[in-house]
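> Quick note on numbering: the sequence shown equals residues 2 to 397 in our numbering. Got a structure for you, questions after.
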Amino acid sequence: MINYDVVDTRIHHVYNGLKVQVNCTSELNNQQAFFMNKLKSSDTYKNMDILDIYKKEYERIDKITEEHVKRGVRDIQKVFTNLGLGQDYIELAKSAHELHDVARRVQFMKTGTVVDADSYDQQVIASRGLESGVDPKITSHAAHGAYLLDNFLFSNLHIEEKYREIISTAVRYHSNHVLPVELGKAVSENLFDGLCLDEALKKGKYKDLLRLYTQTVRSVDNFDLNNKVLLGAIPLVRERFGLDVLKKDSIKTFANLWGVSEKRLREYNKIEEGKELEAGQIILIPTEDVPLEKFVIPKDYIEMLKNNTFPAKVSDLQKRKDYTFLTAQVWRLSLLRNIEFKSLLKIVKDENMLEKILDSYPKKYQEIMQEAFKYAEEEIVCFGLENEKSKIYTKK
2 MINYDVVDTR IHHVYNGLKV QVNCTSELNN QQAFFMNKLK SSDTYKNMDI
52 LDIYKKEYER IDKITEEHVK RGVRDIQKVF TNLGLGQDYI ELAKSAHELH
102 DVARRVQFMK TGTVVDADSY DQQVIASRGL ESGVDPKITS HAAHGAYLLD
152 NFLFSNLHIE EKYREIISTA VRYHSNHVLP VELGKAVSEN LFDGLCLDEA
202 LKKGKYKDLL RLYTQTVRSV DNFDLNNKVL LGAIPLVRER FGLDVLKKDS
252 IKTFANLWGV SEKRLREYNK IEEGKELEAG QIILIPTEDV PLEKFVIPKD
302 YIEMLKNNTF PAKVSDLQKR KDYTFLTAQV WRLSLLRNIE FKSLLKIVKD
352 ENMLEKILDS YPKKYQEIMQ EAFKYAEEEI VCFGLENEKS KIYTKK
C-alpha cells in the first residue's frame, strides 16, 4: 500500500531543493525578466530589482500552491470516504492529489509565470520576442507535471511501479475541460465493492482505476477554485486587465471600446507617441479609468454558461475585446460542471460559497454578476445535488 505521509515528506525535500536553487539564482532568462518587469510596475514591487521580485514571487507561488494542495488532500479524502472505499484507495488518492500540481513551482522557476499560455504557448512566447524556458513539446503545467513524474520524480519518491501510471494519468489530465474518451465513462458506484486496491489492480479493474483517480483529482481541483477566490489567491477585481492585440487593432480601438483616453493608454502601457500596437502583444487596460457602464457581461457569456459551451482555456477568451476579470469569473463558474461528486457540491452549497464570492465584490460589480451567480447556484449546484439517479455523482 502506498503511504501518503512518506510521499508528502519526500516531495517536500524536492521542493526545498527548488527553493535553494531559486534563492541562488543570479541571472534571469528573457522570459523570466519579461514577467518580472511587468510586476515591477505594481505597488507591491515598485522600485525593486527584478531578481528580488523573482524570489519574492516564487515564495508567493510556493505558499499558494502548498495551501491549495493541502485543501485538496483533505477534500479528496472526503470524496473517497463518500465512495465507501478503504484506506488503501484513500492513501493513493491523497498521494495523487499531492502531486497534481507538482510542476507549478518548476513552471514559475523556468518561465517567471504560472499562466499556462504565457509559459508554454510557443506562438505567444515568440510573438513577444522571447525564448521558452521549458521544453517546447510541453504544452501545459499538467503535462509538465506528468513529464517530471515519469522521467525523474517517481524513482526519487520510491513510488511502486503499479501505482505510477494511475498518478501520472491523473496529473496529466487534471486541468482538462473534458477527459479523454479513452478513459471511459464515470466509474459505476459499486464497481470496487469488497475489493482492496491491490485486488482491484489484479482483477482487470486497471482502466476503471485510471478513470476514477483522474476524475476525482480533476473534480477536487475544480472545486478548490472557489476557495482560491475566497482566500484571495485569485483576485476578483484586478487593477488592470490584458487583451490580445490582433491585426488592424490600434490604440484608438481600445480607447473607444473601454472609454479610456488614448493618452492614458499610451502612458499606462509605456507606448511612445506615434508608435502603434503590434499584433500578438497584450494591451493593459487600467480598471480605475474604465467607466462602470462599460463593464457588462455579454449575453453570449450567459448562454455559454447555460449550454456548457465555454472554451476549455480562459486564455481563448482573451482574444475577445470584451474580456475582463468579470467575464473570467463567469468562465470559472462554468467549471462547477466539472465537479462530478455530490460530496463536493454539497460543501459549495452548505458553506454558501457562491454567495460569499458574490458578496466579496465591491457593490458596484455585484449587480453585474448577479445573473451568472444565480444560474450557477440554482442550475449547476442545486440541480447536481438533486440528481436522484445517483447517490454519489452529480449527473448520470
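All C-beta atoms in this analysis are idealised placements derived from N, C-alpha and C, irrespective of residue type, glycine included. All values derive from a computational prediction rather than experimental measurement.
Taking all protein chains shown into account, do 16 or more other C-beta atoms lie within 10 angstroms of the C-beta of V8, making it buried, or fewer, making it exposed?
Buried, by the Cβ-count rule.
> Could you tell me if A94 is buried or exposed, where buried requires 16 or more neighbouring beta carbons within 10 angstroms of its beta carbon?
It is buried - the Cβ of A94 has at least 16 other Cβ atoms within 10 Å.
> Which residues does DSSP pair with R241 in a beta bridge?
Per DSSP, P287.
> With a threshold of 8 Å on Cβ separation, who are the neighbours of F81 within its own chain once the five nearest residues in sequence on each side are excluded?
For F81, where only same-chain residues beyond five positions count, the Cβ hits under 8 Å are Y90, I91, A94, T217.
> Can you grab the Cα-Cα spacing for the pair R321 / I160, in whole Å?
When rounded, the distance between both Cα atoms is 44 Å.
> In angstroms, rounded to a whole number, what distance separates the CA positions of L237 and A201?
Looking at the two C-alpha atoms, the distance is approximately 44 Å.
> Any idea which residues DSSP pairs F342 with across the strands?
Beta-bridge pairing links F342 to Y394.
> Alpha carbons only, please: which of S220, F311, G185, L184 is nearest the one belonging to Q78?
Looking at the Cα atoms, S220 is the closest of the given residues.
> Closest to I12 by C-alpha separation, out of N191, D102, F35, would be which residue?
I12 has its Cα closest to that of D102, out of N191, D102, F35.
> Starting from D50, trace the alpha helix (DSSP H) both ways and give me its first and last residue.
Unbroken run through D50: none, as it is neither H nor E.
> Would you tell me roughly how many angstroms separate the C-alpha atoms of L386 and I303, rounded to the nearest one?
Answer to the nearest angstrom: the Cα atoms are 22 Å apart.
> Indicate whether T395 and L346 have their beta-carbon atoms separated by less than 7 Å.
Yes, they are a contact pair.
> For a quick check, are the C-beta atoms of V246 and D290 less than 7 Å apart?
Taking 7 Å as the Cβ cut-off, V246 and D290 do not qualify as a contacting pair.
> What are the boundary residues of the alpha helix (DSSP H) that N223 is part of?
Residues 207 to 231.
> Along the alpha helix (DSSP H) that carries S189, what are the first and last residues, could you check?
Taken as a continuous stretch (DSSP letters only), S189 belongs to no alpha helix (DSSP H), as it is neither H nor E.
> Say whether the region 96 to 111 touches the region 146 to 165, bearing in mind that this needs 3 or more beta-carbon pairs closer than 8 Å, one atom from each stretch.
Enough Cβ pairs lie closer than 8 Å, so yes.
> Here's the rule: buried if 16 or more other CB atoms are within 10 angstroms of the residue's CB, otherwise exposed. What is Q22?
Exposed, because fewer than 16 other Cβ atoms sit within 10 Å of the Cβ of Q22.
> Give a single yes or no on whether I160 has its beta carbon closer than 6 Å to a heavy atom of the ligand SAM.
Judged by which ligands are present, the structure shown has none, so any question about the ligand SAM falls away.
> Would you call H98 buried or exposed, if buried means 16 or more other Cβ atoms sit within 10 Å of its Cβ?
Result: buried.
> Output the distance between the C-alpha atoms of I54 and M37, rounded to the nearest integer angstrom.
Approximately 6 Å, taken between the alpha carbons.
> My understanding is that V172 touches L100, with C-beta atoms under 8 Å, so please give their C-beta distance in whole angstroms.
Right, the Cβ-Cβ distance comes to about 6 Å (below 8 Å), so this counts as a contact.
> Distance check for I3 and R165, CA to CA, integer angstroms please.
Rounded to the nearest angstrom, the two C-alpha atoms are 11 Å apart.
> Are the Cβ atoms of I210 and I168 separated by less than 7 Å?
Sequence check: residue 210 is Leu here, not Ile. Taking 7 Å as the Cβ cut-off, L210 and I168 do not qualify as a contacting pair.
> Please state the DSSP three-state secondary structure of Q367.
The answer is helix: DSSP assigns Q367 an H, G or I state.
> May I ask you to report which of helix, strand or coil DSSP gives M354?
If DSSP states are grouped into helix, strand and coil, M354 belongs with the helices.
> What are the start and end residues of the alpha helix (DSSP H) that includes M2?
It is not in any alpha helix (DSSP H) - M2 carries neither H nor E in the DSSP assignment.
> Following the continuous alpha helix (DSSP H) through F255, name the residue where it begins and the one where it ends.
Taken as a continuous stretch (DSSP letters only), the alpha helix (DSSP H) holding F255 covers 252 to 259.
> Could you have a look at A234 and say whether DSSP puts it in helix, strand or coil?
Note: A234 maps to coil in three-state DSSP.
> So, helix, strand or coil for I381, using DSSP?
Three-state result, I381: helix.
> Are the beta-carbon atoms belonging to F242 and I286 less than 7 Å from one another?
Cβ distance < 7 Å, so F242 and I286 count as in contact.
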